[in-house]
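Numbering of the sequence shown is given in the working numbering, commencing with residue 47 and proceeding in unit increments. A short write-up of the structure that comes next.
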Amino acid sequence: MLCKEQQKIVSHFKSALASDTLRHAYIISASSGMGKKRAADELQLLFACNKGVGCGVCEGCNSAKLGAHTDIIRLSLGDKKVYEIGRIRELIKKVYQKPTLAHKLIIIEDAHCLGAICQNALLKVIEEPPPYAVFVLLCDNLSAILPTVLSRVMTITMQPWKRSELEEICPLDSSKRYLYDLAEGNPALLLSMANDGEFSKIRDTAINSFVGLFASSAYGVYDAVDAWLERKESVKDMLNVLALFLSDVLLVSLDCNDHVRCADKLKECRTVAAHLSPKAALEITQLVLSCSQRMARNENLSMALFDMFMKIKEIIT
Ligand SMILES: [Zn+2]
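Structure follows, in structure tokens:
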């Protein structure tokens, strides 16, 4: 299944091909797991198809699927962390070999892993490309792309998947539907949480350590920080869990129980709502978000968690 955003990308290229208005270079930007590579698979078919529609069954489409089409070059990172300049030089040589079709499609996966040297090497061919070349760079993080490259490519940003699309690829029973909210429109994130047997334990740790603060002494802050640090790899998920839980607490405070997403945690929501004003719940949500931001800036994790829990404890006592 292609989501609406993937379909939009394919349609864009279809109409650009039909009207001969293709640009020479594009970046498809979205966070990891949103389906950029899947969209690129469809683009390959579109360019290789003998019928020009990406039928998926003709000789051209089949050779693209096998990675054997000479007019389609696709660079993958594989198990490397960054691209080596040798691979980019090799790629550029291939770009200058005339295609058999009207276009040569060059797809570079994980373009955020092209360092400055690779990007500068590519820049020359993107600036003055052979007339048939079409570059499509797939990128998780636009801040890793040089401004000189960005200014010469058309950026297509994929929006999050719709809830109904997530429900279609990963149906969940009512006790797990909160995962749709935590996934934030990212299908890979949703599937990984849904299939991770540990995730419900991670979630319990996040919620219980917070709820535990209400009954604990001041030392409860240390217990909470320790519990989170034991699951260091999952702190980002735990912060998201806590933010969602707090928004449910607000719903309970406002008597909107039917809209609570963490339905299995209604009892905990009620306990917290009984002790916390809506204003205080919002303040704590703000602390959770600022802890996420500190994590994104690679600040010291223990310090960020300790700060967050200390301030939470001050608010609730
Ligand atoms: Zn075809």
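Think of the CB as a built atom: it goes at the ideal place given N, C-alpha and C, for glycine as much as any other residue.
Item                                                                                                          : Value
Continuous beta strand (DSSP E) assignments of at least 3 residues falling wholly in the segment 114-193      : 118-121, 150-154, 179-185
Cβ neighbour criterion (16 or more within 10 Å) applied to Asp156                                             : buried
Distance cut 5 Å, beta-carbon to ligand 1 heavy atom: residue list by chain order                             : Cys95, Cys101, Cys104, Cys107
Sub-7 Å separation of Leu92 and Gly100 beta-carbons                                                           : yes
Sub-7 Å separation of Glu51 and Gln205 beta-carbons                                                           : yes
Rounded distance between the beta-carbons of Ala71 and Phe181, thought under 8 Å                              : 4 Å
4 or more residues per run - each alpha helix (DSSP H) lying fully within the segment 275-335                 : 281-299, 312-321
Among Glu276, Cys308, Gly124, Ala179, nearest to Asp227 - alpha-carbon criterion                              : Cys308
For Thr363, three-class secondary structure by DSSP                                                           : coil
Residues near His158 by beta carbon distance below 6 Å, same chain, minus five either side                    : Cys185, Asp186, Asn187, Ala190
7 Å Cβ shell around Ile330 - same chain, five flanking residues per side excluded                             : Leu292, Ile358, Ile361
Straight-line gap, Lys313 to Met284 (C-alpha atoms, nearest Å)                                                : 19 Å
Ser109, enclosing alpha helix (DSSP H) - first and last residue                                               : 105-111
Per DSSP, cross-strand counterpart(s) of Thr203                                                               : Ser75
Status (buried if at least 16 other CB within 10 Å, exposed otherwise) for Asp87                              : buried
Nearest candidate by alpha-carbon position, reference Ala64, set Gly81, Lys97, Gly79                          : Lys97
Outcome for Asn232 when other beta-carbon atoms lying within 10 angstroms are tallied against a minimum of 16 : buried
Distance between Val171 and Ala94 (C-alpha atoms, nearest Å)                                                  : 22 Å
Cβ-based burial, Cys302 [other Cβ within 10 Å; buried from 16]                                                : exposed
Among Ala114, Asp66, Ile74, Met47, the one whose alpha carbon lies nearest that of Ile55                      : Ile74
Segment contact, 8 Å Cβ cut-off, at least three pairs: the segment 159-166 with the segment 131-148           : yes
Distance between Gly81 and Val287 (C-alpha atoms, nearest Å)                                                  : 24 Å
Rounded separation between Asp66 and Leu328 - CA only                                                         : 52 Å
C-beta contact flag for Pro217 and Tyr178 at 7 Å                                                              : no
Opening and closing residue of the alpha helix (DSSP H) in which Pro233 lies                                  : 233-241
Per-residue burial, Gly106 [other beta carbons within 10 Å of its own, 16 or more giving buried]              : buried
Length of the line joining the Cα atoms of Asp219 and Ala85                                                   : 29 Å
Contact under 7 Å by Cβ, Ala319 with Val334                                                                   : no
Distance between beta carbons of Ala234 and Leu212, contact taken as under 8 Å                                : About 11 Å separates the two Cβ atoms, so there is no contact after all.
Gln339 at chain B interface by Cβ criterion, 7 Å                                                              : Judged by its chain identifiers, the structure shown contains no chain B, having just a single protein chain.
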